[in-house]
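Engineer: As you go down the protein sequences, you meet chains F and C in turn. Positions 129 to 365 (my numbering) are the ones given, in order, by the first sequence. Positions 129 to 365 (my numbering) are the ones given, in order, by the second sequence. Ideal Cβ placement from N, Cα and C applies to all residues, glycine included. Submitted below is the structure of interest, expressed as structure tokens.
There are 2 protein chains.
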Amino acid sequence: MGGIGLRERKKQRTRRALVEAAVRLFEEKGFDETTVAEIAAAVEVAPRTFFSYFPSKEDVLFFDTRSRFERALAIIAGRRPGEPLVDLLVRVGDAVLVHLDGTLRQDDRDTGGVDGTEDAEDADSAELAEDARLALRLAPARYDLITSVPALQARALHLLFDVQRELSEALCRAYKGELDPIEAAAVVGVFVGGAKMAAMASRDRGESPEMIWAAARRGVQIAVRGLGSLDDPGRRG
Amino acid sequence: MGGIGLRERKKQRTRRALVEAAVRLFEEKGFDETTVAEIAAAVEVAPRTFFSYFPSKEDVLFFDTRSRFERALAIIAGRRPGEPLVDLLVRVGDAVLVHLDGTLRQDDRDTGGVDGTEDAEDADSAELAEDARLALRLAPARYDLITSVPALQARALHLLFDVQRELSEALCRAYKGELDPIEAAAVVGVFVGGAKMAAMASRDRGESPEMIWAAARRGVQIAVRGLGSLDDPGRRG
DNA sequence: CTCCGAAGTTGCAATGGCTGAAAAAAAGCA
DNA sequence: TGCTTTTTTTCAGCCATTGCAACTTCGGAG
Numbered sequence: 129m130g131g132i133g134l135r136e137r138k139k140q141r142t143r144r145a146l147v148e149a150a151v152r153l154f155e156e157k158g159f160d161e162t163t164v165a166e167i168a169a170a171v172e173v174a175p176r177t178f179f180s181y182f183p184s185k186e187d188v189l190f191f192d193t194r195s196r197f198e199r200a201l202a203i204i205a206g207r208r209p210g211e212p213l214v215d216l217l218v219r220v221g222d223a224v225l226v227h228l229d230g231t232l233r234q235d236d237r238d239t240g241g242v243d244g245t246e247d248a249e250d251a252d253s254a255e256l257a258e259d260a261r262l263a264l265r266l267a268p269a270r271y272d273l274i275t276s277v278p279a280l281q282a283r284a285l286h287l288l289f290d291v292q293r294e295l296s297e298a299l300c301r302a303y304k305g306e307l308d309p310i311e312a313a314a315v316v317g318v319f320v321g322g323a324k325m326a327a328m329a330s331r332d333r334g335e336s337p338e339m340i341w342a343a344a345r346r347g348v349q350i351a352v353r354g355l356g357s358l359d360d361p362g363r364r365g
Numbered sequence: 129m130g131g132i133g134l135r136e137r138k139k140q141r142t143r144r145a146l147v148e149a150a151v152r153l154f155e156e157k158g159f160d161e162t163t164v165a166e167i168a169a170a171v172e173v174a175p176r177t178f179f180s181y182f183p184s185k186e187d188v189l190f191f192d193t194r195s196r197f198e199r200a201l202a203i204i205a206g207r208r209p210g211e212p213l214v215d216l217l218v219r220v221g222d223a224v225l226v227h228l229d230g231t232l233r234q235d236d237r238d239t240g241g242v243d244g245t246e247d248a249e250d251a252d253s254a255e256l257a258e259d260a261r262l263a264l265r266l267a268p269a270r271y272d273l274i275t276s277v278p279a280l281q282a283r284a285l286h287l288l289f290d291v292q293r294e295l296s297e298a299l300c301r302a303y304k305g306e307l308d309p310i311e312a313a314a315v316v317g318v319f320v321g322g323a324k325m326a327a328m329a330s331r332d333r334g335e336s337p338e339m340i341w342a343a344a345r346r347g348v349q350i351a352v353r354g355l356g357s358l359d360d361p362g363r364r365g
């Protein structure tokens, strides 16, 4: 069921056209001021069709969340033997967030026991690369929108939450015997929570992308060392 | 502007009636199957009036979030001199989450420089107590709804996110010179993230309320000790 | 090459959340 | 009681989202 054939190709093209039109319109007129009908019209599709591609107006902005996230799962499943928890988490974080190339390069069918027939796999990875290209192009606009439109922020948080759950399970599996389910969940929550809030705080202060990234790293560092370490008198020394 | 007078009292009564009717209907027929019109009808108000009390159908379930959260802010602002970060956070967590009494008792206008005239303050705290009573009564239903209805879960996550931001700022103020804004945000993210995901994992496994609470504590513990501590060979000893 | 079935698209109609504006009712006050 | 301020109600309407049935297109058999 992967995807060859004219049909599938056309579908993907429409999907991306919808994403692109949506982002452009959201930027130009604002999210609330843009109607689904307008997005559909821009792509010359019936409004009804929009909803066969995306479950809601918000979701069009998260078209690649699933595949991005599956990379993360694969990395966890492919834990290197004896790899310490923190190292693995950092690898996952980098892979997911650097989000630029990665999918564009083609050298990483490393991990996870996945499936796929010959043709289908080629077609799929082509689509994946195309999606990555699109994501790259839309990245700044998307970022602005998600951080400034409440409805999109809410959607993002909810998606992230669900992702975290699945990551927990994967982590638990990868560290069977070392982490119980509760611990695994806590680990993911602590890690993601620290990075997320630190980055957000940095962003709120109007800092540059580099500084936001640095803030996220500091957040992770605090997660790794533990809150207790902040109480030590005479740190910063 | 606090609230004495028939007018204000009536308003609060209507507000609570809306909450109560909404929760009852959501439980009976499901969230999606309940219309705002029905909730309004149950309280004998015009549908339009519902939206002058709550900005959305979801928000009716979070009627006391704001005041609950303000307690948290007050506790942070009232940091005991020299109190270690972790201790304060635990106090905040307990105060907010035990959520049962607390507001019902009347012995805690301790912290934070707030305002209020004589009468208004009395009236307000009466309302607060009434809200707490209502919250207590609705707690189980509310819990079920929020954890099972996606729209409500999303709303809860978004509210929590905004709260975390403000908590970060408060923390930064309470530990001026000890925590910079990024650190403060990371601290809150790590703490809340750990507790949240651990509790959720416990819940997902169908565990009892006590175990969920215990899980949250373990999440906090991991947040405090740091992820790094989990890599130490021979913990669990 | 043509015809069939699957997959996808469209149009239509309806539901229901949410909003703005202006009229009507209630509460507070002189 | 008569005037002012708040709230509620009415009314009209936008738009997201959905179910359904008709219609089109693609891919593959014969």
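1. Looking only at C-alpha atoms, which of C:357, C:205, C:344, C:359 sits nearest to residue 221 (chain C)?
2. Answer yes or no: does any C-beta atom of chain F fall closer than 8 angstroms to that of residue 209 (chain C)?
3. Can you pull the chain F residues whose beta carbon is under 7 angstroms from the beta carbon of residue 200 (chain C), in chain order?
4. Taking only the alpha-carbon atoms, compute the straight-line gap between residue 290 (chain F) and residue 350 (chain F) and give it to the nearest angstrom.
5. Does the Cβ of residue 162 (chain C) have 16 or more other Cβ atoms within 10 Å, making it buried, or fewer, making it exposed?
6. Listed from N- to C-terminal order along the chain, which residues in the region 180-191 of chain C have their beta-carbon within a distance smaller than 7 angstroms of any beta-carbon of chain F?
7. State whether the region 303-310 of chain C contacts the region 298-305 of chain F, with contact taken as three or more CB pairs (one from each stretch) at a distance under 8 angstroms.
8. Can you pull the chain C residues whose beta carbon is under 8 angstroms from the beta carbon of residue 359 (chain F), in chain order?
9. Would you identify the three-state DSSP class for residue 254 (chain F), choosing helix, strand or coil?
10. Any Cβ of chain F within less than 8 angstroms of the Cβ of residue 301 (chain C)?
11. Less than 8 angstroms separating the beta-carbons of residue 352 (chain C) and residue 321 (chain F)?
12. Rounding to the nearest angstrom, what Cα-Cα distance links residue 204 (chain C) and residue 318 (chain F) in this structure?
13. Cβ closer than 8 angstroms: which chain F residues qualify as neighbours of residue 324 (chain C)?
14. I need the straight-line Cα distance from residue 248 (chain F) to residue 135 (chain F), nearest angstrom please.
15. Could you pull the start and end residues of the alpha helix (DSSP H) that residue 134 (chain C) belongs to?
16. Take residue 323 (chain F) and list the residues in its own chain whose beta-carbon comes closer than 6 angstroms to its own, dropping the five residues that flank it on each side.
17. How long is the line joining the alpha carbons of residue 187 (chain F) and residue 278 (chain C), rounded to whole angstroms?
18. Look at the Cβ atom of residue 192 (chain C), then the Cβ atom of residue 263 (chain C), and state whether they are nearer than 8 angstroms.
19. How many angstroms separate the CA atom of residue 210 (chain F) from the CA atom of residue 219 (chain F)?
20. Given this structure, state the Cα-to-Cα distance separating residue 427 (chain F) from residue 315 (chain C), to the nearest angstrom.
21. Taking the alpha-carbon positions, what's the residue 139 (chain F) to residue 147 (chain C) distance?
22. Following the continuous alpha helix (DSSP H) through residue 330 (chain C), name the residue where it begins and the one where it ends.
23. Would you tell me roughly how many angstroms separate the C-alpha atoms of residue 280 (chain C) and residue 272 (chain C), rounded to the nearest one?
24. Would you say residue 203 (chain F) faces chain C, with C-beta separation under 8 angstroms as the test?
25. Can you name the start and end residues of the alpha helix (DSSP H) that residue 192 (chain C) belongs to?
26. Starting from residue 220 (chain C), find everything on chain F with Cβ-Cβ shorter than 8 angstroms and list it in chain order.
27. Expressed to the nearest angstrom, what Euclidean distance is found between the alpha-carbon atoms of residue 254 (chain F) and residue 154 (chain F)?
28. State yes or no: is the C-beta of residue 284 (chain C) within less than 8 angstroms of the C-beta of residue 300 (chain C)?
29. Between the C-alpha atoms of residue 342 (chain C) and residue 195 (chain C), what's the straight-line distance to the nearest angstrom?
30. Let me see if you follow: with CB-CB separation under 8 angstroms, is residue 343 (chain C) close to chain F or not?
Structural biologist: By the coordinates alone:
1. Position 93 of the second sequence holds residue 221 (chain C). Distance from the Cα of residue 221 (chain C) is smallest, within the candidate group C:357, C:205, C:344, C:359, for C:344.
2. Locating residue 209 (chain C) in the second sequence gives position 81, counting from the first residue. For residue 209 (chain C), the answer is no, since every Cβ of chain F falls outside 8 angstroms of its Cβ.
3. To locate residue 200 (chain C), count along the second sequence from 1; it is residue 72. Below the 7 angstroms Cβ cutoff, chain F contributes no neighbours of residue 200 (chain C), its closest Cβ being approximately 15 angstroms away.
4. On the first sequence, residue 290 (chain F) is found 162 positions in, with the first residue counted as 1. On the first sequence, residue 350 (chain F) is found 222 positions in, with the first residue counted as 1. Rounded to the nearest whole angstrom, the CA to CA distance from residue 290 (chain F) to residue 350 (chain F) is 23 angstroms.
5. If you number the second sequence from 1, residue 162 (chain C) lands on position 34. Residue 162 (chain C) is buried by the Cβ-count criterion.
6. So nothing in the stretch comes that close.
7. No, the region 303-310 of chain C does not touch the region 298-305 of chain F.
8. Residue mapping note: residue 359 (chain F) aligns to position 231 of the first sequence, counting from 1. For residue 359 (chain F), the chain C residues whose C-beta falls within less than 8 angstroms of its own C-beta are 212, 213, 214, listed in chain order.
9. Against the first sequence, residue 254 (chain F) aligns to sequence position 126. Helix, per DSSP.
10. Numbered from its first residue, the second sequence carries residue 301 (chain C) at position 173. So no, residue 301 (chain C) is outside the interface.
11. Within the second sequence, the letter at position 224 stands for residue 352 (chain C). Within the first sequence, the letter at position 193 stands for residue 321 (chain F). It is not a contact, given that the beta carbons lie outside the stated cut-off.
12. Here residue 204 (chain C) is taken as the residue at index 76 of the second sequence, counted from 1. Here residue 318 (chain F) is taken as the residue at index 190 of the first sequence, counted from 1. Approximately 21 angstroms, taken between the alpha carbons.
13. For this step, residue 324 (chain C) is matched to residue 196 along the second sequence. Correct list: 317, 321.
14. What you label residue 248 (chain F) is simply residue 120 of the first sequence in a count that begins at 1. What you label residue 135 (chain F) is simply residue 7 of the first sequence in a count that begins at 1. Low confidence applies to residue 248 (chain F): its pLDDT is 49, below 50, so where it sits in the model is not reliable, and the reading given next is rough at best. In this structure, the alpha-carbon of residue 248 (chain F) lies about 14 angstroms from that of residue 135 (chain F).
15. Here residue 134 (chain C) is taken as the residue at index 6 of the second sequence, counted from 1. For residue 134 (chain C), the enclosing alpha helix (DSSP H) starts and ends at 133-157.
16. By 1-based counting over the first sequence, the position of residue 323 (chain F) is 195. So the list reads 344, 347, 348, once near-sequence residues are dropped.
17. Within the first sequence, residue 187 (chain F) is the residue found at index 59, counting from 1. Within the second sequence, residue 278 (chain C) is the residue found at index 150, counting from 1. Looking at the two C-alpha atoms, the distance is approximately 14 angstroms.
18. On the second sequence, position 64 is the one that residue 192 (chain C) refers to. On the second sequence, position 135 is the one that residue 263 (chain C) refers to. A contact, by the Cβ cut-off of 8 angstroms.
19. Taking the first residue of the first sequence as position 1, residue 210 (chain F) is located at position 82. Taking the first residue of the first sequence as position 1, residue 219 (chain F) is located at position 91. Going by C-alpha positions, residue 210 (chain F) is about 14 angstroms away from residue 219 (chain F).
20. Residue coverage of chain F in this structure runs from 129 to 365, which leaves residue 427 (chain F) outside it and unanswerable.
21. One-based indexing of the first sequence puts residue 139 (chain F) at position 11. One-based indexing of the second sequence puts residue 147 (chain C) at position 19. Roughly 45 angstroms between the two C-alpha positions.
22. As a working note, residue 330 (chain C) is residue 202 in the second sequence. Residue 330 (chain C): member of the alpha helix (DSSP H) spanning 309-332, first to last residue.
23. Taking the second sequence and counting its residues from 1, one reaches residue 280 (chain C) at position 152. Taking the second sequence and counting its residues from 1, one reaches residue 272 (chain C) at position 144. Straight-line spacing of the CA atoms in residue 280 (chain C) and residue 272 (chain C) works out to 10 angstroms.
24. Working through the first sequence from its first residue, we reach residue 203 (chain F) at position 75. Under the Cβ distance rule, residue 203 (chain F) does not count among the residues neighbouring chain C, no pair being separated by less than 8 angstroms.
25. Walking along the second sequence from the start, residue 192 (chain C) turns up at place 64. Neither: residue 192 (chain C) is in no alpha helix (DSSP H) and is coded neither H nor E.
26. For the purposes of this step, residue 220 (chain C) is identified with residue 92 of the second sequence, where counting begins at 1. Those within 8 angstroms of residue 220 (chain C) in chain F number zero; the least Cβ separation is about 13 angstroms.
27. In the first sequence, the residue the question calls residue 254 (chain F) occupies position 126. In the first sequence, the residue the question calls residue 154 (chain F) occupies position 26. Rounded to whole angstroms, residue 254 (chain F) and residue 154 (chain F) show a C-alpha spacing of 27 angstroms.
28. Residue mapping note: residue 284 (chain C) aligns to position 156 of the second sequence, counting from 1. Residue mapping note: residue 300 (chain C) aligns to position 172 of the second sequence, counting from 1. For the pair residue 284 (chain C) and residue 300 (chain C), the CB atoms are not nearer than the 8 angstroms cut-off.
29. Counted from its first residue, the second sequence places residue 342 (chain C) at position 214. Counted from its first residue, the second sequence places residue 195 (chain C) at position 67. Those two C-alpha atoms are separated by around 25 angstroms.
30. Reading the second sequence from its first residue, position 215 is the one you call residue 343 (chain C). Nearest CB-CB separation between residue 343 (chain C) and chain F: below the 8 angstroms threshold.
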